[in-house]
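Chains as they are written, first to last, in the numbering used here: chain R, 3 to 305; chain A, 3 to 305; chain Y, 3 to 305; chain S, 3 to 305. The next block holds one structure in the form of structure tokens; read it before the comments.
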């Protein structure tokens, strides 16, 4: 299969279709991104990366980074995290406090904001500098030492971060954060403000397609650990549209409000897409369309 | 009617009944209060105050103070507050975030914690020093210049105040606080830590029984404004037991987790009770029993 | 005070104000009522009834009848009902299933639809023919033997009654109905379809203003029982607007989607209003306006 | 791989571990099943079925049958169903009415009870006799003409079926059922009461592992349709434990309170397990353990 030609064809189709969705505007720094950008990159487990469109343009990774934070925690301590965070789909809007209250401060899963804050809290305990741990991992795996925090976005997130502060304080009231709220929020906002391209992300996520092996052949996660992470991505990685995403795309994936989506094809490769306009669930509208076409044309869904 | 004899008799009956409930223990400073304390004071609109038991012993007023904060806001600006806070019973636990989310940052009523934070936020706008405004009002009306903040309790509230911080940040995320979170929480914690006796509170609340007139004859609230505050007390003043409290006691009232309950008998007087052990709704168990007996024996409920 | 002149003046003011609200249209038989109708009647405890406008025109009493069903149950057995139904305000839409689920089949209060079905279920146990018990009570107290069921409305309610059937089956699944679902629904739909005028209702409800005494001087409820019913009316009688109704009107009351509202002035009389157009909470829009004016002008609220 | 030896070894391990869970007891007919039964059967796409333990003993299939009902609807009309039922994980207890209310009568997915009732309603529209359509499909695919309804269980389900009746009436109140409630409930209860063995179910579900092809080579679902059904099974097939099931087992699957679980290994085969004792989510406790071991030892999860 000529993957480069396939990606180009998909990009043409996606861009030809009427634009859908809306660029995230809850912080000014994100609102000004060009909604017409579109990129897609596929990193095979056994060959060179291919891409189309804006696949080398860095964008705000946002929640996609939660994947790497979780992997780093599970790499050192798979067991203890799951007493502090569940692994069930949220079933409601992605930053809802409702479930958190019913479940006494235990977030539904590690990818809703509350859950990611618990992951960061644990990451601090395991690595000290949580931001640096995540940044180093994506730099090393992608081979791009220039990946860094967009400080304007980070500051903006912090300024408009009342909801995340509420989540953190709420979990603290239930005793589910080990570190002070400010200490947890700061690396969280910075991590979400990391800028990477589709190419960077596809390379960085490849360890999940390789059964847990890093680019240098060393092991980050056990084979079983990598499978389990993929299961969590599938059931919890795309806000409250996990069922629909599995139905249409059929791949484990993690989306972010910057418009990026990272998906895993176990044993085959890592596919990343970027389109800033979001559907009502907060996933890239054109991104989902592109991924849908990719798995439909290749037949490479996990189902 | 010999009210002093009546109060003594009620106190005997209440103390003779098996103890129920549990002293609030969410902060150490409250947990050490003697559960056996019991006091009751009645301030008639037209005669001297009578009391029984520990009616002159100061205790932590806690949420009872929300009554005075609300009165001060309504005294200067009755209208604008109600676009920022509702006046419906909560129907769930008193500091629940669930309703707050469904109602987009608008608390159900001014007596749940979230609503009281909005009241404090408005109080800052109207009076500058919110704590001082409330403290001055209760000192003046009660005639007791020694009423002040218990700093140990205030510090303890702040230290364990993650849930209130969560509420404040959550409302800020919906744009429903004008001042920074810390600026609002600080006077809130201090106000709740004011120490007053049943005698102090019964005198301080008398303006609500006098149709809005203060002790010196000046007007704090309009006649209609006082009636409206009593309506809010009746439907929202006793956490999620407002229906049961109206059924048993039949008076507008505001309770606090320090074990105090302030009730209003419009045109007759102000009745205050204190018993530190709380029932499962957070209202003083013996306090409600005492009030129930009082209205049963006098027939002085509003119904 | 010239009450007739007062009612006439209020009616003029209410009718002069721009129309608000919308006639209930969930069943065709209700939807065809003229939205411009308006009537008001006051039955003093010690004098002849006065009325204004359409106060002698019968309308569909709907949920107002729940008042009489509850009174008949409490008259014979005050205690056992409260283990099967609560007495707290609903805090959400009046026929919500949400609370019912969280509270394991125990309705929040006897005036939401689920609670009224439990009341009817108990009424069947106590009186056999539940509809006849209610109809006989209102006929006798109002002195109007012609009060009867509007069979078109009753059939229509039954036909569109899926939601009430759902409530009944749901409670049956928790074991909170003694009789088969159909046996309970039938008198419920008929009772709600009783047609009465403001004059009829004001006379029929007078026992609640007279401390439980019926028109013939016999006792239906104890003094304390009547006060307690008034407390339940105040906190639970006007759907999820009980707080607002207490704030504006300041009287115990029960509304129905036919546009009627029955209110109690303990010791003074019974005031009934009718205006078919409903506000968003399901209470008569002009009815609430009229009651608000009445208590404002007379100063006769319970607060 | 010697699959027969593998299944035997898994059965030994599972039976050697301490018993967990509790047999469903909401109807007497299910409560009397022997909790110690355990069977497991694997039907490869290209070879003879293998089994262990009680794999040939028929049990009450219950919700497992929802898989076949859904397949029959999607076979004839893939599009229209999804406007009447979602495909997102429920996130709460499997027969909750809460979500149904928030979503205005649209069930979260076709496998919660409410969603399955919509599927049956559509099945009646497409096939007339809904029960017969499902029964014929499983008889034909399994090659077992003796599969039939356990009438004692069906009657028992109907007798204790208030909750399902509530769901059906509730959806009717939103206009989301085309047929009368009783007409939909009857085949639903009968379908759930079908008795099949692990062997029967593994053969009957094989079309989902064969990309939609039936045993006779004819097509029931398109390749893409079969993948999509597997996606729905993965995200919604195991009550509110879908995330945990994906994490541990990593296969699309559908469980029933009779203790059966049907799982799909796309391209490989169909694996069915039976153990009557259920965990707190309603899934077979030993069944999940057995499936977990199977995918761990074979590495055949979809991730």
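Note that the Cβ used here is the ideal one computed from N, Cα and C, for glycine as well. Small disclaimer: the values here were computed from a predicted structure and weren't measured.
{"Item": "Cβ of residue 103 of chain S within 8 Å of any chain C Cβ", "Value": "In the displayed structure, chain C is absent; the protein chains listed are R, A, Y and S."}
{"Item": "Cross-chain neighbours of residue 175 of chain R in chain A, by beta carbon under 7 Å", "Value": "164, 165, 168"}
{"Item": "Where residue 46 of chain A falls: helix, strand or coil (DSSP)", "Value": "strand"}
{"Item": "Residues that residue 55 of chain A bridges to, as DSSP identifies them", "Value": "A:41"}
{"Item": "Reduced DSSP category for residue 24 of chain R - H, G, I as helix; E, B as strand; rest coil", "Value": "strand"}
{"Item": "Where residue 64 of chain S falls, given that 16 or more other Cβ within 10 Å makes a residue buried", "Value": "buried"}
{"Item": "Contacting residues, own chain, Cβ-Cβ under 6 Å from residue 22 of chain Y (five flanking each side not counted)", "Value": "287"}
{"Item": "Collapsed DSSP secondary structure at residue 99 of chain Y in the structure displayed", "Value": "coil"}
{"Item": "Cβ contact check for the stretch 239-258 of chain A and the stretch 233-250 of chain Y: 3 or more pairs under 8 Å", "Value": "yes"}
{"Item": "CB contact flag (residue 251 of chain Y, residue 293 of chain Y, <8 Å)", "Value": "yes"}
{"Item": "Any 3 or more C-beta pairs closer than 8 Å across the stretch 203-218 of chain S and the stretch 125-145 of chain S", "Value": "yes"}
{"Item": "Environment of residue 241 of chain A [buried if 16+ CB atoms lie within 10 Å]", "Value": "buried"}
{"Item": "The stretch 192-205 of chain Y in contact with the stretch 260-269 of chain Y per 3-pair CB rule at 8 Å", "Value": "yes"}
{"Item": "Closer than 8 Å to chain S by CB, residue 212 of chain R", "Value": "no"}
{"Item": "Burial state of residue 268 of chain R (16 or more Cβ within 10 Å)", "Value": "buried"}
{"Item": "Interface partners of residue 236 of chain R on chain S, CB under 8 Å", "Value": "236, 237, 248, 305"}
{"Item": "Proximal residues of chain Y, C-beta to C-beta of residue 233 of chain A below 7 Å", "Value": "248, 249, 252, 305"}
{"Item": "Reduced DSSP secondary structure (H/G/I, E/B, other) of residue 217 of chain A", "Value": "coil"}
{"Item": "is_contact[residue 245 of chain A, chain Y] using C-beta, thresh 8 Å", "Value": "yes"}
{"Item": "Interface flag, residue 68 of chain Y vs chain A, CB-CB below 8 Å", "Value": "no"}
{"Item": "Delimiting residues of the beta strand (DSSP E) encompassing residue 256 of chain S", "Value": "255-257"}
{"Item": "Rounded separation between residue 48 of chain S and residue 270 of chain S - CA only", "Value": "8 Å"}
{"Item": "Cutoff 8 Å: residue 90 of chain A Cβ touching any chain Y Cβ", "Value": "yes"}
{"Item": "Simplified DSSP state of residue 197 of chain A, which is helix, strand or coil", "Value": "strand"}
{"Item": "Touching by the beta-carbon criterion (3+ pairs, under 8 Å), the stretch 185-198 of chain S and the stretch 153-173 of chain S", "Value": "yes"}
{"Item": "CB-CB length for residue 75 of chain Y against residue 125 of chain Y, believed under 8 Å", "Value": "6 Å"}
{"Item": "Residue 86 of chain S classed as buried or exposed, judged by whether at least 16 other C-beta atoms fall within 10 angstroms", "Value": "buried"}
{"Item": "Helix, strand or coil at residue 276 of chain R [DSSP, three-state]", "Value": "strand"}
{"Item": "Rounded Cβ spacing between residue 73 of chain S and residue 223 of chain S (contact assumed at less than 8 Å)", "Value": "6 Å"}
{"Item": "Neighbour list for residue 99 of chain A in chain R, Cβ cutoff strictly below 9 Å", "Value": "99, 100, 102, 103, 168, 172"}
{"Item": "Proximity of residue 172 of chain S and residue 99 of chain Y at Cβ, strictly below 8 Å", "Value": "yes"}
{"Item": "Chain R within 8 Å of residue 282 of chain S, Cβ atoms only", "Value": "no"}
{"Item": "Alpha carbon of residue 154 of chain R to alpha carbon of residue 15 of chain Y, nearest angstrom", "Value": "58 Å"}
{"Item": "Collapsed DSSP secondary structure at residue 296 of chain S in the structure displayed", "Value": "helix"}
{"Item": "Cutoff 8 Å: residue 229 of chain R Cβ touching any chain S Cβ", "Value": "yes"}
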